[in-house]
Amino acid sequence: MTVWGRPLTWQEFLAIGDDDRRDLEIVDGCVLPRESRGRAHQKVATRLSSALERATVHETNTGVDVLLWDAPPTARKPDTIVHRRVPPGISALRPEHVLIAAEVLSTWSGRRDRVHKMGDYADAGIPHYWLVAFDKVGALSIERYALTDGSHRYTHIATTHRDMGPVAVTATDPFPIEILWEHLEVAPRV
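So that you can map any letter, position 54 of the sequence shown is 63 in the working numbering, and since no number is skipped, the others follow by simple counting.
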């Protein structure tokens with residue numbers, strides 16, 4: 010792996026090959042490796058993306074760069090995002106495109122997702138942030154946060170847990186959503 014001795018520009022970061030950049034983020038110009046994501050983590054992110062896609066006319070994606078600000082460049086890769094359709098010629102998703110950023114919590118990512126990424130997404134103005142915990146069956150709990158009072162701080166909206174019933178998420182903002190826990194399963198219940 011290449012080590013950079015100085016902060017990079019966004020263009021220098023993009024010049025890193027796609028395969029290498031897939032597991033990197035840039036924060037204040039510094040290149041950071043993303044935590045290792047196991048099979049269940051990736052499947053939960055994919056299942057969430059698919060469930061959200063069924064609920065909206067917007068686009069969903071997993072693991073793509075969202076350029077939060079240019080100088081110094083900071084781009085995060087949420088595990089799942091819902092974003093507005095981006096016109097041709099736009100090279101990077103921006104906060105104004107994103108409606109929901111979601112992170113799937115892993116052993117190594119908890120602090121980064123709960124503190125650093127949550128703060129970055131709020132500062133950038135992404136209106137909704139979800140944290141998804143999982144176990145061997147699939148998604149276990151979903152914490153939902155939103156920017157509600159014009160500040161750049163998330164307010165806790167709701168937390169649901171798989172033991173609370175069949176509905177994982179029901180919401181009207183930013184669009185009507187209903188997701189069942191069974192849509193977020195990655196293995197049969199034992």
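We put the CB at the ideal spot given by N, CA and C, even for glycine.
On the three-state DSSP scale, how would you describe Trp139?
strand
Residues of its chain near Thr179, where Cβ-Cβ distance is below 6 Å and the 5 sequence neighbours each way are ignored
Glu187
Just to confirm, is the Cβ distance from Leu114 to Leu140 under 7 Å?
yes
So who's on the other strand from Gly150, going by DSSP bridges?
As written in the sequence, residue 150 is Ser, which differs from the Gly given in the question. Ala142 and His170, per the DSSP bridge assignment.
Expressed to the nearest angstrom, what Euclidean distance is found between the alpha-carbon atoms of Leu193 and Val95?
27 Å
Cα separation between Asp27 and Ala167?
36 Å
Go ahead and label Ser201 buried or exposed: buried means 16 or more other beta carbons lie within 10 angstroms of its beta carbon, across all protein chains shown.
It is not possible to answer for residue 201, since the shown part of the chain is limited to 10 through 199.
Per DSSP, what kind of secondary structure is Trp117 in: helix, strand or coil?
coil
Give every residue of the same chain whose Cβ lies closer than 6 Å to the Cβ of Phe22, excluding the five residues on either side of it in the sequence, and list them in chain order.
Ile35
For Ala110 and Leu57, what's the separation of their Cα atoms in angstroms?
11 Å
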